[in-house]
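One structure is given below, encoded as structure tokens.
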Amino acid sequence: MPGTFFSAEDADLLETVLKSRRDVRGNRFTQEEITDLELDKLIDAALYGPSVGFSQPWEFVIIRDPNIKSAIQEIFSQENLKAADQFQDQKQQEYLRLKLEGISEAPVNLAVFYNPMNGPVLGQTSMKEMGLYSVVCAVQNIWLMARAMNIGVGWVSILDPQKVNEILELPESRRLVAYLCVGKVTEFAELPELETLRWEKRKHKASLVFKDRYDSRFYPENS
Ligand SMILES: Cc1cc2nc3c(=O)[nH]c(=O)nc-3n(C[C@H](O)[C@H](O)[C@H](O)COP(=O)(O)O)c2cc1C
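Under the working numbering, think of the first position of the sequence shown as 1, with each following residue one higher.
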């Protein structure tokens, strides 16, 4: 609602949604369909995202066709083997045990693309990545709206973007920003799965937020 002022309770509710958003992978999706109405609400959330110069440089491909999903799954498998090669020893073993997508399990896949504008875009004249970042803002809107609707979203980035463009018949100019798996879930995990599996820890706020000047105390390797 334009011009609405929200209450402290509203802000608390938003905080709860933000903090309980999770990346959802294939092990947690159910087969229950996502309705067109639900999907439309997610797309609307994206379309209301901020964008540099109000350029709205996003495009979406909704995928339900199992043949297309399995073609994308195949690309993932190829890329994931290459990814595993980049880790060594124990870490590689751990990597190979991770489930990092839900392409076939999720009833809907949603590919989100950046469509670069011809000519200068207000606000994008110095930092050329701003168009791409705008698309990421749209993705985050989808993720949060989905969480508020108890719908799970998983972001898959272990893909060859050119091959995805070919399969989905996108023009070469379009850049894949996010490949999302969308579906109802058995549960939302309390913590990021990568935290639970001890792959990564949540960083401490004090090591990330600085006052007036950067402080390299936390990063001995930089000093
Ligand atoms: C840009 C981006 C790319 C991601 N790519 C993948 C991916 O390829 N596979 C995966 O399992 N998770 C992927 N994720 C999800 C992250 O692993 C997840 O956000 C992180 O572990 C924190 O967990 P949470 O989202 O549940 O809080 C991606 C997230 C972002 C923001």
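Just so it is clear, CB atoms sit at the ideal spot from N, CA and C, and this is done for glycine as well.
Check: When you compare each of 57, 146, 106 to residue 114 by their alpha carbons, which one comes out closest?; Outcome: 57
Check: Can you find the residues in the same chain that come closer than 7 Å, C-beta to C-beta, to residue 170, ignoring five residues on each side of it along the sequence?; Outcome: 113
Check: When DSSP labels each residue in this structure, what does residue 206 get in the three-state scheme?; Outcome: helix
Check: Are the stretch 69 to 83 and the stretch 26 to 40 touching by the rule of at least three beta carbon pairs closer than 8 Å?; Outcome: no
Check: Provide the residue(s) that pair with residue 183 in DSSP beta bridges, ordered along the chain.; Outcome: 152
Check: I need the residues with a C-beta less than 5 Å from some heavy atom of ligand 1; please give them in chain order.; Outcome: 22, 23, 100, 155, 156, 157, 158, 192, 194
Check: Which whole-angstrom value is the C-beta distance of residue 26 and residue 99, which I expect to be below 8 Å?; Outcome: 6 Å
Check: Where are the alpha helix (DSSP H) runs, 4 residues long or more, that stay fully inside the stretch 124 to 148, in chain order?; Outcome: 130 to 148
Check: Which residues in the same chain have their Cβ closer than 7 Å to the Cβ of residue 21, if we skip the five residues on either side of it in sequence?; Outcome: 143, 144, 147
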